[in-house]
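Remarks on the structure that follows.
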Amino acid sequence: MIRNLLLAIGAFLLLAFNASAQRVCASHDVLEEQLLNNPLLREKMEEIERQTEDFIATPAGVRERVQVTIPVVVNVVWNTASENISDAQIQSQIDVLNQDFRALNADRTNTPSIFSGLIADFEINFCLASQDPSGLATTGIRRQQTSTTAFSSNDAVKYTAQGGLNAWDRNKYLNLWVCDLSGGLLGYAQFPGGAAATDGVVCDYLYFGTVGVATAPFNKGRTATHEIGHWLNLRHIWGDANCGSDLVSDTPTHNTSNGGCPTYPHLSTCSGTPVEMTMNYMDYTDDACMYMFTAGQKARAQALFVSGGSRVSLLSSTGCQPPTGGGTCGVASGLSATSITQTTATLSWSAVSGATSYNLQRKLSTSSTWTTVTGLTTTSYSLTGLTANSTYNYQVQTVCGATSAAYSAASSFTTLPTGGGGCTDTYEANNTRATAKTVPVNTTFTAQIASASDLDWYKFANTAATSRIKIELTTLPADYDVRLYRGNSNTILAVSENAGTTNETLIYNTTTVNSSYYAYVYGYNGAFSNTSCYTIRVSLSSSNFRTDGSTDGEVQELDVPVVFENAAFGMFPNPANEQITVEVPMEADADVQVTVLDPSGKAALQQNRVMAKGDNQMNLDISRLSNGIYFVEVRNGKSMSTRKLVVQR
Ligand SMILES: [Zn+2]
Numbered sequence: 334m335i336r337n338l339l340l341a342i343g344a345f346l347l348l349a350f351n352a353s354a355q356r357v358c359a360s361h362d363v364l365e366e367q368l369l370n371n372p373l374l375r376e377k378m379e380e381i382e383r384q385t386e387d388f389i390a391t392p393a394g395v396r397e398r399v400q401v402t403i404p405v406v407v408n409v410v411w412n413t414a415s416e417n418i419s420d421a422q423i424q425s426q427i428d429v430l431n432q433d434f435r436a437l438n439a440d441r442t443n444t445p446s447i448f449s450g451l452i453a454d455f456e457i458n459f460c461l462a463s464q465d466p467s468g469l470a471t472t473g474i475r476r477q478q479t480s481t482t483a484f485s486s487n488d489a490v491k492y493t494a495q496g497g498l499n500a501w502d503r504n505k506y507l508n509l510w511v512c513d514l515s516g517g518l519l520g521y522a523q524f525p526g527g528a529a530a531t532d533g534v535v536c537d538y539l540y541f542g543t544v545g546v547a548t549a550p551f552n553k554g555r556t557a558t559h560e561i562g563h564w565l566n567l568r569h570i571w572g573d574a575n576c577g578s579d580l581v582s583d584t585p586t587h588n589t590s591n592g593g594c595p596t597y598p599h600l601s602t603c604s605g606t607p608v609e610m611t612m613n614y615m616d617y618t619d620d621a622c623m624y625m626f627t628a629g630q631k632a633r634a635q636a637l638f639v640s641g642g643s644r645v646s647l648l649s650s651t652g653c654q655p656p657t658g659g660g661t662c663g664v665a666s667g668l669s670a671t672s673i674t675q676t677t678a679t680l681s682w683s684a685v686s687g688a689t690s691y692n693l694q695r696k697l698s699t700s701s702t703w704t705t706v707t708g709l710t711t712t713s714y715s716l717t718g719l720t721a722n723s724t725y726n727y728q729v730q731t732v733c734g735a736t737s738a739a740y741s742a743a744s745s746f747t748t749l750p751t752g753g754g755g756c757t758d759t760y761e762a763n764n765t766r767a768t769a770k771t772v773p774v775n776t777t778f779t780a781q782i783a784s785a786s787d788l789d790w791y792k793f794a795n796t797a798a799t800s801r802i803k804i805e806l807t808t809l810p811a812d813y814d815v816r817l818y819r820g821n822s823n824t825i826l827a828v829s830e831n832a833g834t835t836n837e838t839l840i841y842n843t844t845t846v847n848s849s850y851y852a853y854v855y856g857y858n859g860a861f862s863n864t865s866c867y868t869i870r871v872s873l874s875s876s877n878f879r880t881d882g883s884t885d886g887e888v889q890e891l892d893v894p895v896v897f898e899n900a901a902f903g904m905f906p907n908p909a910n911e912q913i914t915v916e917v918p919m920e921a922d923a924d925v926q927v928t929v930l931d932p933s934g935k936a937a938l939q940q941n942r943v944m945a946k947g948d949n950q951m952n953l954d955i956s957r958l959s960n961g962i963y964f965v966e967v968r969n970g971k972s973m974s975t976r977k978l979v980v981q982r
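Using the numbering used here, you'd call the opening residue of the sequence shown number 334 and step up by one each time.
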């Protein structure tokens, strides 16, 4: 329905991606923005930093020592099938985390001898959750299809209402979101202290795990290791500043981030020119070239899990334990059928907690044999190839891992009949003026444009007593327009063709009586709806119709004094090809009629509008007018002004 061809002035910036990919992590940028927007976050993070410093200041032998297994829920938010990464790819990422955070990764032996003594086992493990927040069985993997083609670091992926998936309780789970991140972003994390709803880590689906669609040079699962490092309160090793501090005592000072796979030794130009620890997970190097955390980094992460630590609640989470008693696998409910046509329908149902998949059965109500679809991982399914005007039954079964619930009670829907669709249209076939159906006047009725080639012609007569004509279209399901013709003439007496509205009103205040006036209703650019009717009413009146919809003193309306200033108006562009904008300065609120007249003085286009005091703009689509000279007339009562318009393509 793009009628207003307002071409954006400006240039498109094409983002070309470098052939040698560079790690891009948005964690620090996201933190800076959160700090700007939330003054309390700074206090909260300073409090966490004090607790961390206290922990680090405690002699190692006296410190609390914590081993933790963190329940993880992986929220896969996918648009295209390839983004819906496999269970195997997800498991490969969990495996990497359990190596990297326990210093069990095979490539740790690549660590240069000057750093090998610093390699730390964080004593942090990860499990895919076995129990969901309701205490039901889960695989720890949630999948949600989205219409969002790509996400950014704005956290939309963390909200169901914004096309993502809401987090599970962060006091019990580490939420990982996997989706398509735009702009070359590999991932980002939220630091301890941030809001519960957005707590967790987001990774691009191409840089998650080691198998499936995992893509080099970030296909060793280190994006999640790095981001979970942030989630565990670790800063970038260069301190996000030139020779900055990462708040860790045993890491060297880096100039800035390192990318790719630097040759050892890479010397810093910061004070003391130390060898940079480019193989630390908190640098920006390629996955194959980062393989260690240090003891100092471990201390910061461990501080989160001791008494008073900001993530200590995870120690008491039962998320890694299967539900006691096996849990219950709920029966599916909330079944509904939408987008029903003659041959298709979309079935959906409410998500069941603990469900790992769903099975769907359907059949013609007259049949005794079900057709079954198994292993559905979303809560909707589109049926095609249905028979028109037929009732179908359908039911859904919840599968929770190894157990299944009973099938839900069956629900049903009926496909649309051929021809008419799902609403009352008693005037088909009326595709031509010759086959126009005579309709009652001053009566509201419904009709349908059921296909791109469906046109609706209606015939009616006016009388000397009631000669003025108004045609109203309402509840338009698509971009429909209406024209008025008389007799066999091809002259369009009036047209209403607003873009993007659900109604059209055409007014033709005439004294010409004829037994054959025609209302012609059509879908703009083939617009139609095979599911919804529109409403039409042809009204006749003895007095002029007002365009503001009121009925009082109708005839007087056209006699109000001059109200547009100097009876002059602006119009651009001229010459024009698709659209013109008419600018009318008004001295008071009043009805205005804008008419485009062809050289013979016939109305080719007309729009009526109540304009407010001040400057008003009205856009007119002239794309249907042939090349030539026209006159644009703006009229209010006795105030009238005309300008010449050239249509030229
Ligand atoms: Zn980072």
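Glycine is no exception: its CB is placed at the ideal position from the N, C-alpha and C atoms.
Distance CB(residue i)-CB(residue j) smaller than 8 Å
i	j	result
Thr799	Ser848	no
Gln675	Thr751	yes
Tyr850	Phe793	yes
Asp532	Leu519	no
Gln635	Gly542	no
Ile427	Leu374	no
Tyr963	Asp924	no
Asn417	Thr479	no
Ser419	Gly545	yes
Gln630	Val581	yes
Ala738	Val639	no
Thr984	Ala721	Not covered by the structure: residue 984. The range shown for the chain is 334 to 982.
Asn941	Gln926	yes
Ala500	Ala530	yes
Asn842	Arg870	no
heavy atom of ligand 1 below 7 Å from residue i C-beta
i	result
Ser289	The chain is shown only over 334 to 982; residue 289 falls outside these bounds and no answer can be derived.
Cys662	no
His569	yes
His559	yes
Ser449	no
His563	yes
Ser604	no
Cys983	No answer is possible for residue 983: the residues shown for the chain start at 334 and end at 982.
Extent of the continuous alpha helix (DSSP H) to which residue i belongs
i	result
Pro372	372-390
Gln426	420-433
Gln523	Neither: Gln523 is in no alpha helix (DSSP H) and is coded neither H nor E.
Gly533	Neither: Gly533 is in no alpha helix (DSSP H) and is coded neither H nor E.
Ala632	628-635
Phe638	Careful: Phe638 lies outside any alpha helix (DSSP H) and carries neither H nor E.
Ile447	446-449
Limits of the unbroken beta strand (DSSP E) element including residue i
i	result
Glu560	Glu560 -> not in any beta strand (DSSP E); alpha helix (DSSP H) instead, spanning 555-564.
Ser683	Here Ser683 belongs to no beta strand (DSSP E), and DSSP marks it neither H nor E.
Met904	903-905
Val645	Unbroken run through Val645: none, as it is neither H nor E.
Val729	724-733
Leu938	936-944
Asn949	947-954
Ala670	669-671
Gln912	912-919
Gln926	923-930
Phe988	Within the shown structure, residues of the chain are numbered from 334 to 982, placing residue 988 beyond reach of any answer.
Val405	401-411
Closer than 8 Å to chain C by CB, residue i
i	result
Thr679	In summary, chain C is missing from the structure at hand, where a single protein chain is found.
So does the segment 552-566 actually touch the segment 354-373, counting three or more Cβ pairs closer than 8 Å? yes
Should the segment 854-861 be regarded as contacting the segment 812-829, the criterion being three or more beta carbon pairs within less than 8 Å? yes
Enumerate, from N- to C-terminal direction, the unbroken alpha helix (DSSP H) stretches of 4 or more residues contained entirely within the segment 737-777. Fully enclosed alpha helix (DSSP H) runs of 4 or longer: not present.
Ordered list of beta strand (DSSP E) runs contained in the segment 457-512, each at least 3 residues: Annotation: the segment 457-512 contains the following complete segments of the beta strand (DSSP E) (minimum length 3 residues), in chain order: 457-461, 474-478, 507-512.
Count the CB pairs spanning the segment 607-615 and the segment 625-636 that are closer than 8 Å, and state whether there are at least three. Flag = yes, the segment 607-615 and the segment 625-636 touch.
Which whole runs of the alpha helix (DSSP H) in the segment 799-873 are 4 residues long or more, in chain order? none
Completely contained beta strand (DSSP E) runs for the segment 692-720, where each covers 3 or more residues: 704-709, 713-716
Is there contact here, the segment 736-752 with the segment 672-690, by at least three beta-carbon pairs under 8 Å? yes
For the segment 822-838 and the segment 776-789, state whether three or more C-beta atom pairs, one from each stretch, are separated by less than 8 Å. no
Is there contact here, the segment 645-659 with the segment 395-404, by at least three beta-carbon pairs under 8 Å? yes
Under 8 Å, with one C-beta from each stretch per pair, do the segment 431-444 and the segment 453-469 reach the 3-pair mark? yes
Does the structure place the segment 436-446 close enough to the segment 467-479 that three or more beta carbon pairs sit under 8 Å? no
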